[in-house]
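Residue numbers (my numbering): -4 to 134.
Quick reminder that beta carbons are idealized off the backbone N, C-alpha and C, glycines included.
Take a look at the structure below.
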């Protein structure tokens, strides 16, 4: 198995120190609570109902400054950025970030790790990843 690598870089962003995570084969599902209050809890409930509790347990979970959540995992199969769920007004409530990008992580201002560790992001199978994404599309 090819080693999956993460690169952490400290940057000065808007005159505040933030920790950015640049990634290869690392994926993020972002839940935007400011547009769809409660969407993350709905997602977790539905994912558990369809048997994805163990898969969720493999993911790192962090909260964001806007009150949203990031679900983070590694997977060998790449995906592009996808918009998975929209609000009635068309705003994106759930989307992914795929290979080659970056996002901010704790201890950046306003970010907090709620579960897991960014030093040990677990890998899930392509099937598990697809199942997580399908649950999001239902919402």
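Taking 8 angstroms as the limit between beta carbons, can you name the residues of its chain near residue i, skipping five residues before and five after?
i          : result
residue 69 : -1, 20, 21, 22, 116, 117, 118 and 119
Under the three-state reduction of DSSP, which class applies to residue i: helix, strand or coil?
i           : result
residue 80  : strand
residue 61  : coil
residue 73  : coil
residue 88  : strand
residue 28  : coil
residue 23  : strand
residue 130 : helix
residue 140 : Any answer about residue 140 is impossible in this case: the structure gives the chain only from -4 up to 134.
residue 43  : helix
Cα separation between residue i and residue j?
i           : j           : result
residue 123 : residue 100 : 23 angstroms
residue 109 : residue 42  : 18 angstroms
residue 111 : residue 55  : 5 angstroms
residue 59  : residue 98  : 11 angstroms
residue 121 : residue 28  : 26 angstroms
residue 52  : residue 84  : 32 angstroms
residue 48  : residue 113 : 20 angstroms
residue 75  : residue 33  : 25 angstroms
Spatial neighbours of residue i within its chain, please: CB distance less than 7 angstroms, with the 5 preceding and 5 following residues excluded, ordered by chain position.
i           : result
residue 24  : 66, 89, 91, 127 and 131
residue 125 : none
residue 79  : 89, 90, 91, 128, 131 and 132
Beta-carbon within less than 6 angstroms of residue i's beta-carbon, same chain only, minus the 5 sequence neighbours each way: which residues are those?
i           : result
residue 45  : none
residue 105 : 60
Report the residue from the options whose alpha carbon sits nearest the alpha carbon of residue i.
i           : options            : result
residue 31  : 82, 106, 52 and 53 : 82
residue 107 : 63, 74 and 36      : 63
residue 102 : 40, 77 and 57      : 57
Cβ of residue i less than 9 angstroms from any chain C Cβ?
i          : result
residue 45 : The structure shown has no chain C; it contains just one protein chain.
**Segment contact flag, the stretch 77 to 90 with the stretch 125 to 132, C-beta cutoff 8 angstroms, min 3 pairs** = yes
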